[in-house]
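As given, the protein sequences belong to chains A and B, one line each in that order. If you're matching positions, the first sequence starts at 347 in our numbering and goes up one per residue. If you're matching positions, the second sequence starts at 18 in our numbering and goes up one per residue. Think of the CB as a built atom: it goes at the ideal place given N, C-alpha and C, for glycine as much as any other residue. Note sheet for the following structure.
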Amino acid sequence: EDQVTQSPEALRLQEGESSSLNCSYTVSGLRGLFWYRQDPGKGPEFLFTLYSAGEEKEKERLKATLTKKESFLHITAPKPEDSATYLCAVNKIIFGKGTRLHILP
Amino acid sequence: DSGVTQTPKHLITATGQRVTLRCSPRSGDLSVYWYQQSLDQGLQFLIQYYNGEERAKGNILERFSAQQFPDLHSELNLSSLELGDSALYFCASSVSLAGANTGELFFGEGSRLTVL
């Protein structure tokens with residue numbers, strides 16, 4: 347059974363304090379690993395797609411990486427506006443429960 | 018704005034009732050996906066339609082059904098509602114080839130269902 351596990355469940359950081367979010371997955375055949383950002387009361391918003399181990403993508407303060415068993419979302423020098431829940435999904439439809447990120451000013 | 022429209026935004030109803038949630042996908046997107054999001058379960062995939070045909074089924078209860086119409090809008094019908102059905106229901110659309118799970122999803126703002 348395809349499965350996605352995200353850790354930690356919640357993370358509080360000071361503004362400027364870099365960290366990483368983890369997404370571990372088990373899937374019979376990976377056809378894409380997706381990262382989304384979700385603000386309270388809103389629908390998830392697409393961030394990145396990764397297709398093969400070793401692939402990396404960057405957008406502003408975010409960088410996503412992929413191995414054969416997990417993906418990391420690295421956040422560098424975060425700002426309060428980066429506070430959100432970050433969701434990981436595999437093969438488009440299987441989502442993890444997310445990591446709630448809170449950046450303190 | 019993702020371009021995906023969901024109505025209603027909020028809905029309060031009683032146990033045993035039936036409701037219909039509506040979704041209009043982004044212009045040009047043929048695939049529509051329905052998800053249920055609750056605090057403890059996260060985003061749970063319910064069902065996918067592609068160009069009017071059911072393409073994939075997730076953890077959708079028998080009390081729930083969906084369809085996609087010729088104009089590509091979709092409706093999710095929830096019947097014999099229970100307290101546990103209270104959740105956010107999201108619709109998403111994507112440009113995808115039939116049967117392929119590649120490409121990102123564009124989500125609507127969701128419909129918040131409260132069952133009392």
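Going along the chain, which residues of its own chain have a beta-carbon closer than 8 Å to the beta-carbon of L105 (chain B), five neighbours each way excluded?
Q53, Q54, S55, G127, S128, R129 and L130
For the region 368 to 401 of chain A, enumerate the residues whose C-beta is nearer than 7 Å to any C-beta of chain B, in chain order.
R377, G378, F380, K388, G389, P390, F392 and T395
Can you grab the Cα-Cα spacing for the pair K438 (chain A) / S365 (chain A), in whole Å?
25 Å
For I29 (chain B), count neighbouring Cβ atoms within 10 angstroms of its own Cβ and tell me buried if that reaches 16, exposed if not.
Taking a 10 Å sphere around the C-beta of I29 (chain B), we find fewer than 16 other C-beta atoms and assign the residue as exposed.
Could you check if A31 (chain B) is buried or exposed, using at least 16 other CB atoms within 10 Å of its CB as the buried criterion?
exposed
Assign G45 (chain B) to one of three DSSP states: helix, strand, or coil.
Residue state, collapsed to three classes: coil.
Under 8 Å Cβ-Cβ, which residues of chain B neighbour L412 (chain A)?
Correct list: empty, because the minimum Cβ distance to chain B is about 15 Å.
Identify every run of the beta strand (DSSP E) within the region 347 to 376 of chain A, keeping only runs that are complete inside it and at least 3 residues long; order them along the chain.
349 to 353, 356 to 360 and 365 to 372
Return no unless some Cβ of chain B is closer than 9 Å to the Cβ of L433 (chain A).
yes
Could you list which residues in chain B have their beta carbon closer than 7 Å to that of K403 (chain A), in chain order?
Under the 7 Å cutoff, chain B gives no residues; its nearest Cβ is about 12 Å from K403 (chain A).
Distance, Cα to Cα, T422 (chain A) vs G444 (chain A)?
19 Å
Find the residues of chain A that neighbour G127 (chain B), judging by a C-beta separation of less than 7 Å, and give them in chain order.
Here the neighbours are G389.
Report the residues of the region 58 to 78 of chain B with a CB closer than 9 Å to any CB of chain A, ordered along the chain.
Those residues of the region 58 to 78 of chain B that come within reach of chain A (Cβ to Cβ, closer than 9 Å) are Q58, G59, L60, Q61, F62, Q65, A73 and G75.
If you reduce the DSSP assignment to three classes, tell me which class G101 (chain B) lands in.
helix
Comparing C-alpha positions only, which one of B:H90, B:G75 and B:L98 sits nearest to S111 (chain B)?
B:H90
Rounded to whole angstroms, what's the CA-CA distance from S103 (chain B) to G400 (chain A)? Just pull it up for me.
S103 (chain B) and G400 (chain A) have their alpha carbons spaced roughly 40 Å apart.
Chain B beta carbons: is any one of them nearer than 9 Å to that of I440 (chain A)?
yes
If you measure between the beta carbons of Q61 (chain B) and K74 (chain B), is that distance less than 9 Å?
No, the Cβ-Cβ distance between Q61 (chain B) and K74 (chain B) is not below 9 Å.
If we ignore side chains and look at the alpha-carbon of each, how far apart do E347 (chain A) and V373 (chain A) end up?
7 Å
Can you tell which of A:N368, A:K403, A:E361 and A:F380 has its C-alpha closest to the C-alpha of S353 (chain A)?
A:N368
Output yes or no for whether 9 Å exceeds the beta carbon distance between L359 (chain A) and Y371 (chain A).
no
Counting C-beta neighbours from all protein chains within 10 Å, is the total for F86 (chain B) 16 or more, i.e. buried, or is it exposed?
exposed
Taking L443 (chain A) as the query, report the chain B residues whose CB atoms sit under 9 Å from its CB, ordered along the chain.
Sequence check: residue 443 (chain A) is Lys here, not Leu. Near K443 (chain A) (Cβ distances below 9 Å), the residues of chain B are D57, Q58, G59 and L60.
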